[in-house]
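In what follows, a single structure is set out as structure tokens and then discussed.
Numbering (our numbering), first residue to last: 1 to 811.
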């Protein structure tokens, strides 16, 4: 009896070769025994500690789990931190180095942010299991006990990926082997098998976890490992199975000797098939099984349910945020006294990545096996929970949450997280209501954005994929929050200067580099790319416009700096063109036109001046313009002829039109008439270049255009450029699909609907039809029909298409 612990409620005991740990209900850890390699966690050099002594290094922490190996220990705190101390000769402490001993509890930093649910120690190796079943192992691996398909020891936690999809919930370890219990009650073993302790019917080692087939068909709920033997409990049969070393009777089967397959352990709980189940005496059942060294213990109950190691007790788990907690916080009155436990829990959760990453998970173990496609977060519950947090009226709690997030949580985000589960924070944080307030941009928005932008490639792609799959409301809120911060920073850092009396509007500021503005614009660019490339439910591009930009910033000056930056390092809004609305883009187009036209005219004037030195009769005025002499009767061919006289560089000069036989001076009106007449002729059916669609009033290229010369298409391209460059509005009703093709983007059914709605509906009806009689209902082959100068032609859509029937398999 340990009289020094009589005043404490002990919730867990863990023993090593020559030391012991005791965990109290207040999260304190006591240790005693041998301290030869620092396994007691005390800084003293004493070789032994005869009575329990609290480990002061983690005295301020609330520990929820402890585990011991031969000469090392682990402790998990309620904020998700994992500490290790003792022998580190094989890297079993997971701190990245090996050494004889580490006497003080040391944080395993490489697991920061992982929501750990369970820890275990073997002789000289260790394991941690996350809430969603990720397994991390480290330490000695000379027999493959880490299950990593090799024999190399690890000094860093290394993920065991082969079991991730199976949902491992519990691990028990012997000296040089490991046993894994899955959510479905399956048992896998790996490591040293010399004495049959792996249960595979042989004495060979296994370097990858292998299922114990002798236990298949039985749902195991408890496992326990001794030094070189294993126990497993099947509650449905009330039977315990043992295998491995049995030289001193540790298998409990009534005889000594090793066994490499599971054997039934006989005890007072065991009943044969011939014993009546209706005995008058109270039925004795197994509560828990224990094993250590070369001994085993079983605790019994009278008629109650057995313990299930796959189900975690809440007292052993790290703290987490829940909808119930959010509702309770929202109920607290503004002046109500708040219990210290509530304040402590709130502070712990919102300062801890691990706690939040383990919060608001899908129910019924649906969150197991977190992947890039399956974050495992219950987004409905998450949104409702953060909505409750928004409703909190007690100012001290609101401030505590904000301070915890800004001061601790955001600073803990790393570029290379340990696991996909640590990325759940990027789904949850955007739900926090303070993101709506742009005033917090320095401590909230910008740090969050920088953390996203600095993520390693794989982690970044996972976060991007998760955001792409969120609801429209979620994604739209992120976009609007970013836009509001960008506008707030511009208003704050680049305020408008009042112009002199009589000016149309205040003087605009010149944009300068600002790290916060750059971070938010980069974040907005990420969201724009996600919307454009990843999302199915896309936001309209207008959603990304910041309409006030051209009123606040001199975007003409910004564009000039951007175009003259040869190295491409200038911070400019032009690097984020999606923020410009139509009027801003028009202003930029005018700026670009003025710059290029000025340069072209200057070049022409210089060339003309030089030519005058050698040829005084040269016409210096004409060469500064593109002058097209055309007739109204033959305007298309005349234009082709006239443009052939000019090089591509000349097309940037101002254009002047001269209709033969007419005296009108081109001051802009003649130019507009020229473009109108020219396009009217080009679109005329006599050229056969375009087909008009009555439903949409759009045009598209005619597949059977008979002119082998592509000069007409080149002419249209040049004319479009000239019209835009000279600010002349022309009517070319092409659908959006043309511009997608110019940008190298794929077209889809929506684009066909914009051009030919009836055809698109027909095609969609074929895709939507799931009946087996599709061939009879639609009676189609891979062909289409065209009106070719009044003659209806059938065109195959693929080789031999007229003989290929449309079916469910090939539609």
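Idealized CB from N, CA, C, for every residue including glycine.
Buried or exposed for residue i, going by 16 or more other Cβ atoms inside 10 Å?
i: residue 190; result: buried
i: residue 276; result: Summary for residue 276: the model assigns pLDDT 44, below 50, so the residue's position carries little reliability; its value from the coordinates is reported in the next sentence. Classification of residue 276: exposed, given that the 10 Å Cβ count is below 16.
i: residue 621; result: Confidence at residue 621 is low in this model, with a pLDDT of 47, below 50, so its placement is unreliable and the value that follows should be read with caution. Exposed, by the Cβ-count rule.
i: residue 697; result: exposed
i: residue 550; result: buried
i: residue 216; result: exposed
i: residue 758; result: exposed
i: residue 13; result: exposed
i: residue 184; result: exposed
i: residue 606; result: exposed
i: residue 767; result: exposed
i: residue 598; result: exposed
i: residue 213; result: exposed
i: residue 42; result: buried
i: residue 274; result: Confidence at residue 274 is low in this model, with a pLDDT of 49, below 50, so its placement is unreliable and the value that follows should be read with caution. Residue 274 is exposed by the Cβ-count criterion.
Return yes when the Cβ of residue j is within less than 8 Å of the Cβ of residue i, no when it is not.
i: residue 170; j: residue 223; result: yes
i: residue 160; j: residue 135; result: yes
i: residue 636; j: residue 710; result: no
i: residue 462; j: residue 372; result: yes
i: residue 225; j: residue 252; result: no
i: residue 818; j: residue 201; result: Outside the modelled stretch of the chain, which goes from 1 to 811, sits residue 818, for which no answer is possible.
i: residue 181; j: residue 220; result: yes
i: residue 80; j: residue 355; result: yes
i: residue 249; j: residue 298; result: no
i: residue 199; j: residue 262; result: yes
i: residue 755; j: residue 693; result: yes
i: residue 404; j: residue 456; result: no
Give every residue of the same chain whose Cβ lies closer than 8 Å to the Cβ of residue i, excluding the five residues on either side of it in the sequence, and list them in chain order.
i: residue 388; result: 323, 326, 327, 329, 330
i: residue 106; result: 83, 84, 85, 93, 95
i: residue 590; result: 727
i: residue 632; result: 659, 677
i: residue 38; result: 85, 86, 87, 101, 102, 103, 104
i: residue 588; result: 555, 556, 559, 574, 580
i: residue 366; result: 376
So residue i and residue j are supposed to be a Cβ contact under 8 Å. How far apart are they, rounded?
i: residue 108; j: residue 94; result: 5 Å
i: residue 124; j: residue 139; result: 5 Å
i: residue 379; j: residue 453; result: Their Cβ separation, rounded to whole angstroms, is 23 Å, which puts residue 379 and residue 453 out of contact at 8 Å.
i: residue 19; j: residue 31; result: 6 Å
i: residue 531; j: residue 539; result: 5 Å
i: residue 357; j: residue 421; result: 6 Å
i: residue 655; j: residue 687; result: At roughly 23 Å, the Cβ-Cβ gap does not stay under 8 Å, so residue 655 and residue 687 are not in contact.
i: residue 321; j: residue 359; result: 4 Å
Only counting the same chain, and skipping five residues up and downstream in sequence, which positions put a Cβ closer than 6 Å to that of residue i?
i: residue 628; result: 642, 657
i: residue 46; result: 35
i: residue 316; result: 64, 65
i: residue 782; result: 797, 798, 801, 804
i: residue 362; result: 376, 378
i: residue 33; result: 18, 19, 20
i: residue 419; result: 114, 134
Could you pull out every residue in the same chain whose Cβ sits closer than 7 Å to the Cβ of residue i, ignoring the five residues on either side in sequence?
i: residue 78; result: 27, 62, 64, 318, 319, 348
i: residue 383; result: 431
i: residue 279; result: The predicted position of residue 279 is uncertain, since its pLDDT is 48 and thus under 50; a value taken from the coordinates is nonetheless stated next. Within the same chain, residue 279 has no close Cβ partners at all.
i: residue 761; result: none
i: residue 816; result: What the structure shows of the chain is the stretch from 1 to 811, and residue 816 is not part of that stretch, so it cannot be assessed.
i: residue 9; result: 24, 25
Does the segment 335 to 350 come close enough to the segment 200 to 208 that 3 or more CB-CB pairs lie under 8 Å?
no
Would you call the segment 794 to 806 and the segment 763 to 776 in contact, with 3 or more CB pairs under 8 Å?
yes
Is the segment 438 to 456 in contact with the segment 479 to 489, if contact means three or more CB pairs nearer than 8 Å?
yes
Can we say the segment 384 to 403 touches the segment 106 to 117, given the rule of at least three CB pairs closer than 8 Å?
no
Spell out a yes or no on whether the segment 469 to 479 and the segment 524 to 531 are touching, meaning 3 or more CB-CB pairs, one atom from each, closer than 8 Å.
yes
Within 8 Å, do at least three Cβ pairs link the segment 550 to 561 to the segment 507 to 518?
yes
Stretch-stretch touch, CB-based, cutoff 8 Å, three pairs: the segment 413 to 427 with the segment 445 to 458
yes
Inter-stretch contact at 8 Å, needing at least 3 Cβ pairs: the segment 45 to 53 / the segment 65 to 77
no
Do the segment 674 to 693 and the segment 715 to 735 make contact, defined as three or more Cβ pairs closer than 8 Å?
yes
State whether the segment 408 to 422 contacts the segment 350 to 358, with contact taken as three or more CB pairs (one from each stretch) at a distance under 8 Å.
yes
Under 8 Å: do the segment 286 to 296 and the segment 225 to 237 share three or more Cβ pairs, one atom per stretch?
yes
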